[in-house]
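Below: one structure, written as structure tokens.
In the numbering used here, the protein residues as written are 2 to 816.
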């Protein structure tokens with residue numbers, strides 16, 4: 002498989018070479034360009050389209066492309082501008098190394114004509130490289146007895162640039178002992194050499210630092226440096242010498258084992274083996290070798306054993322320094338051991354009372370404490386204190402003993418338990434201290450009564466509530482504990498409407514929850530005032546009170562009450578009169594109702610529920626006024642029956658109904674005649690009909706005669722009463738109870754004033770009533786307005802007249 006692929010590649014390459022050869026034979030010349038190296042990608046090399054005799058757009062149309070072999074593509078064609086541009090970074094040193102002339106050749110193929118052009122691009126060198134040494138530092142060792150004029154070869158620098166941009170000169174930093182010589186090699190390269198100008202003296206100067214600088218000839222000039230370190234060698238002619246003949250050091254007794262005390266140092270002016278110094282500890286009898294150690298190489302002195310100021314306060318150590326050949330010198334180390342505060346105070350509680358009652362006075366003893374410090378001097382002087390802002394103080398009755406007492410009376414409700422920390426601190430540096438902790442319980446007494454969060458509360462309960470329902474919960478807090486904080490609740494005895502309060506509500510003595518013992522009625526009473534007492538179980542017990550106002554919320558549990566028309570007590574049905582000449586909108590009567598509930602539950606609305614003649618009458622939605630909806634016709638029946646419903650706005654709504662009888666007639670005789678005609682007689686025999694007619698005519702005549710007599714009497718009586726009223730100053734309605742006009746929520750009802758003028762003609766052969774056109778208006782009746790008018794007096798006269806005649810009652814608003 003691999004051989005087959007290789008064969009195909011070789012075959013394709015050969016075919017391409019043959020094709021290129023053919024095109025070269027028919028090619029069109031060579032194109033040359035010259036560019037500097039390190040151009041950015043996309044930089045213009047030349048206008049290849051112009052040099053090929055083409056327009057920029059023809060580069061794509063004619064299939065112009067670059068053909069190169071065995072090299073990464075460094076150039077590309079810009080189809081838009083028709084120029085040859087760089088495809089990447091062009092580095093002359095990478096392509097041509099240090100060849101004097103660097104060119105890149107490739108071919109451009111025109112596919113449509115199979116023409117190929119040779120393109121040669123010369124890459125010009127720029128000074129983009131500085132001369133560089135293989136190493137930045139070089140060390141040369143020269144004996145101080147070396148002869149002046151001796152030469153030492155130096156390392157050469159390398160610059161990859163060519164021409165004037167390559168390496169040109171060397172330069173050596175100024176020095177009194179050395180100079181620089183540059184030799185030219187056969188190939189033109191330059192080789193630098195270091196020349197010793199004068200004899201060296203190691204005692205004066207052991208190391209010479211030189212800098213060799215290589216520079217090129219570019220613009221700007223680049224250079225590289227080689228740092229030369231010349232070391233002067235010397236002979237062993239000096240013994241080692243300590244920096245000090247006597248070392249002094251102070252060390253604290255509590256330093257840990259292995260601590261380094263100091264480092265001794267001895268120097269030798271010689272070099273090499275002659276200057277190698279070793280340190281030796283003088284093995285004197287005693288504890289020196291057991292306590293201290295001397296490192297033979299570094300000269301570090303460290304501790305092998307813990308120091309104790311009480312055992313040994315001072316040490317003298319002798320040491321020696323020796324070089325390689327055996328020359329030596331001596332010194333000594335004086336070690337002073339410093340005493341430190343390494344013992345903390347010891348605190349012991351010898352006596353302790355674990356609790357104290359909160360009413361105990363100041364000075365109550367809590368504990369007896371013993372304090373001891375093993376150190377001496379300032380390190381053994383101890384101060385004892387109570388930490389934190391606590392109501393306790395320390396008293397010192399005798400040396401090393403302290404008594405812990407209370408500084409004030411304690412309050413268990415504020416702090417039930419104290420964690421007392423007593424600190425003993427000595428006077429050493431650094432200071433050492435010891436803390437001990439004492440737990441003290443404060444015993445409670447009953448010094449706090451139960452307290453309610455609020456002095457007064459409000460609760461709401463809907464009326465008709467079930468018996469035993471929970472109303473409210475009153476909780477008091479007592480900061481005491483145990484029995485002193487066990488609270489019981491009770492109600493203060495009182496009476497409500499003659500009944501004891503305990504028959505209305507009760508309270509759970511343990512939880513403070515109030516319960517209703519009966520169902521409340523908003524119409525009976527609207528609020529209850531209670532006093533709740535909370536008592537604890539202490540000795541003696543303490544208590545406190547809080548008031549509770551229980552508001553009863555109204556519910557829609559009362560249906561509307563119809564005040565007018567009232568139901569007759571003698572079994573008769575009330576009758577309202579309406580003349581046949583009444584126009585549409587004529588006020589016949591008004592239904593007046595009240596509701597014992599309040600708010601929305603007492604808002605009433607009226608509607609016509611049923612009528613014997615639909616469409617003849619209408620009822621005001623909010624006023625209850627019964628008016629004619631159209632003009633009365635002759636065909637309309639004399640007796641009209643209306644059923645009016647009154648409904649409140651509660652949830653659910655309640656309602657009441659009243660039946661009105663309206664008599665339609667222009668005069669009283671017509672009323673009587675029509676009422677007589679309403680009796681059924683169609684079934685009777687002809688003889689019975691005649692008898693009934695005779696009896697009816699006689700009865701009507703008698704009744705009419707009686708009516709005229711009674712009417713005259715009533716007129717005289719009314720005239721007499723009006724004279725009496727004028728004599729007494731009016732005020733006919735001052736005694737009318739306001740409760741008939743005012744609802745239970747305090748809102749006065751609107752009533753309708755009806756004006757009917759009754760006149761009796763004396764010169765006529767028969768008397769009759771005349772009903773003029775209505776004159777009505779909605780008014781809010783008050784005592785003041787009622788005292789200045791007489792409509793209700795006239796109404797009372799007419800009612801008396803109707804009662805005497807046993808006729809259906811007329812509206813009390815007739816005048």
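Ideal Cβ positions, reconstructed from N, Cα and C, are used throughout, including at glycine.
Going by the CB atoms, is the gap between residue 303 and residue 245 shorter than 7 Å?
-> Your numbering for residue 245 matches position 244 in the chain shown. Your numbering for residue 303 matches position 302 in the chain shown. No. Outside cutoff.
Determine the extent of the alpha helix (DSSP H) in which residue 61 is found, giving its start and end residues.
-> Within the chain shown, the letter at position 60 stands for residue 61. Its alpha helix (DSSP H) spans residues 59-62.
By the 10 Å Cβ neighbour count, where 16 or more other Cβ atoms means buried, how is residue 323 classified, buried or exposed?
-> As a first step, residue 323 must be located in the chain shown, where it is residue number 322. That one is buried.
Taking all protein chains shown into account, do 16 or more other C-beta atoms lie within 10 angstroms of the C-beta of residue 496, making it buried, or fewer, making it exposed?
-> Locating residue 496 in the chain shown gives position 495, counting from the first residue. Exposed, because fewer than 16 other Cβ atoms sit within 10 Å of the Cβ of residue 496.
Decide if residue 591 is buried, meaning its Cβ has at least 16 other Cβ atoms within 10 Å, or exposed.
-> The sequence position of residue 591 within the chain shown is 590, counting from 1. Classification for residue 591: buried.
Does DSSP classify residue 521 as helix, strand or coil?
-> Numbered from its first residue, the chain shown carries residue 521 at position 520. Reduced to three states, the DSSP call for residue 521 is coil.
Which residues mark the beginning and the end of the beta strand (DSSP E) in which residue 263 is found?
-> Within the chain shown, residue 263 is the residue found at index 262, counting from 1. Counting along the chain, the beta strand (DSSP E) containing residue 263 begins and ends at 261-264.
With a floor of 4 residues, list each alpha helix (DSSP H) that falls wholly inside the stretch 329-369, ordered by position along the chain.
-> none
Classify residue 505 as helix, strand or coil using the three-state DSSP reduction.
-> Along the chain shown, one-based indexing puts residue 505 at 504. In this structure, residue 505 counts as coil in the three-state DSSP scheme.
Residues of its chain near residue 616, where Cβ-Cβ distance is below 8 Å and the 5 sequence neighbours each way are ignored = Residue 616 sits at position 615 when you count from the first residue of the chain shown. Excluding positions up to five away in sequence, the list reads 630, 631.
Where does the unbroken alpha helix (DSSP H) through residue 95 begin, and where does it stop?
-> By one-based count along the chain shown, residue 95 stands at place 94. Looking at the DSSP string, the run of the alpha helix (DSSP H) that includes residue 95 is 93-97.
Beta-carbon proximity list for residue 40, same chain, < 7 Å, skipping 5 on both sides = Along the chain shown, read from residue 1 onward, the residue named residue 40 stands at position 39. These residues qualify, in order along the chain: 87, 91.
Euclidean distance between Cα positions of residue 305 and residue 293 | Residue mapping note: residue 305 aligns to position 304 of the chain shown, counting from 1. Residue mapping note: residue 293 aligns to position 292 of the chain shown, counting from 1. Each residue's alpha carbon lies about 5 Å from the other.
Give the secondary structure of residue 371 by DSSP, where H, G and I count as helix, E and B as strand, and everything else as coil.
-> As a first step, residue 371 is located in the chain shown; it is residue number 370 there, counting from the start. Correct three-state label for residue 371: strand.
Sorted by chain position, which residues of the same chain lie with C-beta nearer than 6 Å to residue 508's C-beta, five sequence neighbours on each side aside?
-> Translated into the one-based positions of the chain shown, residue 508 becomes position 507. Around residue 508: 490, 492, 515.
Going by the CB atoms, is the gap between residue 602 and residue 528 shorter than 7 Å?
-> In the chain shown, the residue the question calls residue 528 occupies position 527. In the chain shown, the residue the question calls residue 602 occupies position 601. No; because the gap between Cβ atoms is not below 7 Å, this pair is not in contact.
Specify, as a first and last residue, the run of the beta strand (DSSP E) that residue 591 falls within.
-> Residue numbering aside, residue 591 sits at position 590 when the chain shown is read from its first letter. Here the beta strand (DSSP E) through residue 591 covers 588-591.
Within 10 angstroms of the Cβ of residue 742, are there 16 or more other Cβ atoms? Answer buried if so, exposed if not.
-> Numbered from 1 along the chain shown, position 741 holds the residue referred to as residue 742. Confidence at residue 742 is low in this model, with a pLDDT of 32, below 50, so its placement is unreliable and the value that follows should be read with caution. So residue 742 ends up on the buried side.
The stretch 528-545 in contact with the stretch 593-608 per 3-pair CB rule at 8 Å = no
Residue 199 classed as buried or exposed, judged by whether at least 16 other C-beta atoms fall within 10 angstroms | By 1-based counting over the chain shown, the position of residue 199 is 198. Looking at its Cβ environment, which holds fewer than 16 other Cβ atoms inside 10 Å, residue 199 is exposed.
Please report the residue range of the beta strand (DSSP E) in which residue 657 lies.
-> On the chain shown, position 656 is the one that residue 657 refers to. Note, residue 657: beta strand (DSSP E), 656-665.
Can you check whether the CB of residue 383 is closer than 7 Å to the CB of residue 427?
-> Here residue 427 refers to the residue found at position 426 of the chain shown. Here residue 383 refers to the residue found at position 382 of the chain shown. A contact, by the Cβ cut-off of 7 Å.
Buried or exposed by the 16-neighbour rule on C-beta atoms within 10 Å, applied to residue 183 = Locating residue 183 in the chain shown gives position 182, where the first residue counts as 1. Its Cβ having fewer than 16 others within 10 Å, residue 183 is exposed.
Taking the alpha carbon of residue 524 as the point to measure from, which residue in 535, 550, 465 has its own alpha carbon closest?
-> In the chain shown, the residue the question calls residue 524 occupies position 523. The candidate whose alpha carbon is nearest that of residue 524 is 465.
Backbone CA spacing between residue 65 and residue 44 [nearest angstrom] | Position 64 of the chain shown, counting from 1, holds the residue named residue 65. Position 43 of the chain shown, counting from 1, holds the residue named residue 44. Straight-line Cα distance between these residues: approximately 19 Å.
Hey, would you say residue 479 sits closer than 7 Å to residue 451, going by beta carbons?
-> The residue given as residue 479 occupies position 478 in the chain shown. The residue given as residue 451 occupies position 450 in the chain shown. In contact: residue 479 and residue 451 (Cβ atoms closer than 7 Å).
Who are residue 427's beta bridge partners in DSSP?
-> For the purposes of this step, residue 427 is taken as residue 426 along the chain shown, with counting starting at 1. The partner list for residue 427 (beta bridge, DSSP) reads 383.
Which residue from 97, 74, 56 puts its Cα closest to that of residue 83?
-> Along the chain shown, read from residue 1 onward, the residue named residue 83 stands at position 82. Measuring from the Cα of residue 83, the nearest candidate turns out to be 56.
Residue range of the alpha helix (DSSP H) that includes residue 49 | Taking the first residue of the chain shown as position 1, residue 49 is located at position 48. Here the alpha helix (DSSP H) through residue 49 covers 49-52.
Can you tell me which of 297, 326, 333, 339 puts its alpha carbon nearest to the alpha carbon of residue 312?
-> Here residue 312 is taken as the residue at index 311 of the chain shown, counted from 1. Looking at the Cα atoms, 339 is the closest of the given residues.
Which of helix, strand or coil DSSP assigns to residue 788 = Here residue 788 corresponds to residue number 787 of the chain shown, with the count starting at 1. Note that residue 788 has pLDDT 34, beneath the 50 cutoff, so the model's placement of it is unreliable and no number is given.
Can you name, in chain order, every residue of its own chain whose Cβ lies under 7 Å from the Cβ of residue 429, other than the five neighbours on each side?
-> Along the chain shown, one-based indexing puts residue 429 at 428. Within the same chain, residue 429 has close Cβ partners 342, 376, 379, 380.
Euclidean distance between Cα positions of residue 680 and residue 640 | For the purposes of this step, residue 680 is taken as the residue at position 679 of the chain shown. For the purposes of this step, residue 640 is taken as the residue at position 639 of the chain shown. Note that residue 680 has pLDDT 44, beneath the 50 cutoff, so the model's placement of it is unreliable and the number below is only indicative. Rounded to whole angstroms, residue 680 to residue 640 spans 12 Å at the Cα level.
Among residues of its own chain, excluding the 5 on either side of residue 266, which ones have a beta-carbon nearer than 6 Å to its beta-carbon?
-> Position 265 of the chain shown, counting from 1, holds the residue named residue 266. Correct list, in chain order: 244, 300.
Compare the C-beta of residue 321 against all C-beta atoms of chain D and say whether one is closer than 7 Å.
-> No chain D appears in the structure shown, which is made up of a single protein chain.
Just tell me which of 288, 281, 327 has its CA closest to the CA of residue 296.
-> Locating residue 296 in the chain shown gives position 295, counting from the first residue. Looking at the Cα atoms, 281 is the closest of the given residues.
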